[in-house]
Each structure stands twice: as C-alpha cells, then as structure tokens.
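In what follows, a single structure is set out as structure tokens and then discussed.
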Amino acid sequence: MSERTLTSQRDLFEIPSYVTYLNCAYMGPLLKSALDAGRTAIDLRQHPWRMTPDHFFDSSESVRRLGARLLGTSADQIAIVSSASYGLATAAQNLPLESGDEIVILAEQFPSNVYTWHRHAADYAATVVTVARPDDDDWTPAILNAIGPRTRIAALPHCHWTDGDLIDLEAVSDQCRANSCALVLDVTQSLGALPLDVTRIRPAFLTAAAYKWLLGPYSYGFLYVDEAYLDGTPLEENWINREGARDFAQLVNYQDRYAPGARRFDFGERASLQLTPIAEVALLQILDWGVENIAQSLGVLTAEIAGRAEEIGFGVNREDRRAPHMLGLRWPTHLPENLGELLKRENVSVSIRGDAIRVSPHLYNDTHDIDHLFEVLAPAVRTAS
Ligand SMILES: Cc1ncc(COP(=O)(O)O)c(C=O)c1O
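Below, the structure is given as structure tokens:
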C-alpha cells in the first residue's frame, strides 16, 4: 500500500489560529468528535438509571478491537490498562528472573520504563544494563551489542521520547529471539504515528498510554500480550475480567475462570465509563486516516522543520535515524534562558529539554505553524550565539 500525504486536519480540532501547537509528544489534543463523545459519557454519569450492564462491556470491547486493528493483532491479545507503567508492571510481574540475569534499557529512557526494571532487578538480584546514547543517533548497533546470553528482558521504545531517534525493532527482535530474551516495548511515543508490525516484531508485551499519539484520554492505554503469556498473572483481581461478569445477578457465584485472552490483565474499572468513548472515537479517526498516512504526512512537516532549523545553526538528528513524527533541535551552545517564556508568550508550544528542543507536530499543523515557530526561534537564538 502506498502512503498518502494528508492535508491539514485542523478543522477537526479546537485549536485557535494564534496557537502553534507542536507538542503532541507532550499531550495530543482531543478531537472535537472525541470531546462530544466524552460529554455524552459524562452526561450519562449524571443519569445512572439510564445505564445498562452493556455500558460496562460494549465500548471497552470496541476499543479493544480497534486497538487490535491498530497493531494488526486479535482483540484477545489486547488488555486495557490505565497507564504505560501499569502495562510495564504487568510485564515485569510475568517475567520472573534469576540472580545475575540482565535487563537492557536505554540511557535517558522514559522513567516509567526505567523504575519498573530497577525494582524488578533488585527483587531478583539481577542487573540493569543501560545502553549509552550514541554520538551518531544510531541506537540499534549499541542495543544489539548489549543484548547477550545473560539478557532476559530488553525493555525499549520504538523511538526515543526525547528526540524521536528511531530503533530498528526488527533487528532488535531477532537479537532477542536469538538470546531467548523477552522484548518489552513502551510505544507511548509512537503508537498511532509510526507503523508497527506486531506479528513481525513479536514482543512479549507492548504497552502505550493513549494521551499522546493516540489522541486519547489521560489515564488510559493498551497492553498487547504475546500468546505465550496469556495465562499469566494479572496485577489485580477484579469482578469484570472473570467469565460471565455480564450477569450482574450472579456476581457472587464466584468464578475461578478469567474472561478469555488478555482481558485478565485489564485494570480495575477498565470500563472507564467517562474515558472509553473518547478513546473509541479517537481510534476510529486514526484508523480512518491510516497510520502509514499519518507517518508520511508528519514526515513532510518534520523534514521542513529540520531543514529550517539547520539553516539557522541547530543540529538535528539524521532523517534516516529518526522517526517521522518528531525531532530534536540541538543548539551548539546554551539556549537563551528565557526561551521557554518567549515561546509561551508567542503561543508556541514545544518541549525544551536542556539545550535541545523537541518538536512534535500532528495533522492539525501546517506550514503556518512552522513559519511561526521560526519567526520566534530564529531571532531568539541569534542573540544567544
Ligand atoms: C515514552 C513514554 N512512556 C510513557 C509515558 C507515560 O507514562 P505513564 O503512562 O506511566 O504515566 C510517557 C510520557 O511522557 C512517555 O514519553
């Protein structure tokens, strides 16, 4: 299938023309249609006598199916979780170690995907091996080098959350398989914007929070579970992920059997009545755009941002080594201290990390936003150099 470059979808969002929002990696704005779905859901909470048991199941199952479509897998392999950390904790719980085993992570990886493994390693007298940031943006050879016979878990992203540096998950997956090591992925910073073939990569567990590139609600996310772990142990025991839970009258006829597939790993109150309809609408829209088309379209924007940043003296991660949907602009000396304030005053939203700026557009952005970014950035850094 060949990708299409989509035109600006700004009309589907409520973003005033004076706002230059280039910060989807921080938080994706809700679609207008998702907000409407959320309002209807909140309204229902005001009138609980209109609720039926179906409200606890139908939207969740729809979201599970949509999440599965996004990953090219079956709904039975998707659990609904409250956060990436919940998904990662579930993975850790089901990947016991032995003393001396190793867990591979990246330098400056997102903390939820670091603390989980520090504790897991401490629980089993195992070691966390941290891959150092390479000088040339190319993490993959360093990761392949770090995964060896003692590695039991590689807990990684698809791209680095600070600047979009891309990891070749096919190569990493092969290396994991060759070393009988479980691959655990946190794709919060890529799912929805960067295609991922889960049947090819075959992670043991993969999780993503929904509030960034899935344009979904906060406190909501997915966990994909490989078939080998479907009879694993969930973090919580709750009524709704047992077989027959739809029959409320029978709930105290306690049930030993879990609902099928990965549903046993769902977080408590996974029906999340106010949030699930928002996630459902957002996923439908993302699938309608097509992740390949989103990636292609955002790649056009980030290429333009990269070119204009380099013209004024920024270093940018190499195009063939970064994800299409975000990039890091590195200033060779210190960025002006008041840059954050200045950008805020001019209604430009990006993320400043040390002397680098993370820029992460989505389909609501167009060249006007890029123009505005550089109208503010260029004079500010000129005075700093
Ligand atoms: C790579 C990555 N993972 C996870 C998260 C969110 O983690 P959690 O859902 O545990 O709050 C973020 C948020 O910035 C992130 O960048």
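Going by the working numbering, the sequence shown opens with residue 10, and the numbers climb by one from there.
Note that the Cβ used here is the ideal one computed from N, Cα and C, for glycine as well.
{"query": "For Y30: DSSP bridge partner residues", "result": "S358"}
{"query": "Residues bridged to C190 (per DSSP)", "result": "Its beta-bridge partners do not exist; DSSP assigns none."}
{"query": "heavy atom of ligand 1 below 7 angstroms from N122 C-beta", "result": "yes"}
{"query": "Option in A217, L153, L165 with minimal Cα separation from A187", "result": "L153"}
{"query": "Three-state secondary structure assigned by DSSP to I249", "result": "helix"}
{"query": "Closer than 7 angstroms: S92 CB and nearest ligand 1 heavy atom", "result": "yes"}
{"query": "C-alpha distance - G270 paired with P105, whole-angstrom precision", "result": "21 angstroms"}
{"query": "Endpoints, beta strand (DSSP E) assigned at T242", "result": "Taken as a continuous stretch (DSSP letters only), T242 belongs to no beta strand (DSSP E), as it is neither H nor E."}
{"query": "Within the stretch 128-162, ranges of the alpha helix (DSSP H) (whole runs, at least 4 residues)", "result": "148-155"}
{"query": "Same chain, Cβ closer than 6 angstroms to Y35, neighbours up to 5 away in sequence not counted", "result": "S360"}
{"query": "Cutoff 6 angstroms; reference G337; Cβ partners in own chain excluding five residues on either side", "result": "D172, N326, A365, R367"}
{"query": "Exposed unless 16 or more other CB atoms sit within 10 angstroms - verdict on A43", "result": "buried"}
{"query": "V396 to A291 span [Cα, whole Å]", "result": "Here the chain covers residues 10 to 394 and nothing more, so residue 396 does not appear."}
{"query": "Any non-hydrogen atom of ligand 2 closer than 7 angstroms to G230 Cβ", "result": "Ligand 2 is absent from the structure shown, which contains only ligand 1."}
{"query": "Contact under 8 angstroms by Cβ, A164 with V138", "result": "no"}
{"query": "Closer than 7 angstroms: Q397 CB and nearest ligand 1 heavy atom", "result": "Only positions 10 to 394 of the chain appear in this structure, which leaves residue 397 out of reach."}
{"query": "Status (buried if at least 16 other CB within 10 Å, exposed otherwise) for R161", "result": "buried"}
{"query": "Opposing strand residues paired with L386 [DSSP bridges]", "result": "Note: L386 sits in no beta bridge, so no partner."}
{"query": "Chain C within 8 angstroms of A100, Cβ atoms only", "result": "Annotation note: the requested chain C is absent from the structure, which comprises a single protein chain."}
{"query": "Ranges of the beta strand (DSSP E) found wholly within the stretch 316-355, counting only runs of at least 3", "result": "336-339"}
{"query": "Proximity test, D172 beta-carbon vs ligand 1 heavy atom, cut-off 7 angstroms", "result": "no"}
{"query": "Residue from R159, F274, A393, Q305 with nearest C-alpha to G109", "result": "R159"}
{"query": "beta-carbon D275 near ligand 1 non-hydrogen atom, thresh 7 angstroms", "result": "no"}
{"query": "Span of the alpha helix (DSSP H), counted from its first residue to its last, around T49", "result": "41-55"}
{"query": "Supposed close pair A134, A202 - CB separation, criterion 8 angstroms", "result": "In fact, because the Cβ distance is near 38 angstroms, the residues do not count as touching under 8 angstroms."}
{"query": "Segment contact flag, the stretch 203-223 with the stretch 74-84, C-beta cutoff 8 angstroms, min 3 pairs", "result": "yes"}
{"query": "Euclidean distance between Cα positions of S189 and T29", "result": "46 angstroms"}
{"query": "For R266, the first and last residue of its enclosing alpha helix (DSSP H)", "result": "From DSSP, R266 is part of no alpha helix (DSSP H); its letter is neither H nor E."}
{"query": "Three-state secondary structure assigned by DSSP to F214", "result": "strand"}
{"query": "S369 (DSSP reduced to helix, strand or coil)", "result": "strand"}
{"query": "Nearest residue (CA-CA) to K41, options R331, R19, D146", "result": "R19"}
{"query": "Neighbourhood of R78 by C-beta, 7 angstroms cutoff - its chain only, sequence neighbours within 5 removed", "result": "L296"}
{"query": "Start-to-end residues for the beta strand (DSSP E) that takes in A98", "result": "First-last for A98: 93-102, but that is the alpha helix (DSSP H), not the beta strand (DSSP E)."}
{"query": "Bridge partners - E111, DSSP secondary structure assignment", "result": "T136, T160"}
{"query": "Terminal residues of the beta strand (DSSP E) in which V90 lies", "result": "87-90"}
{"query": "Which of helix, strand or coil DSSP assigns to Y233", "result": "strand"}
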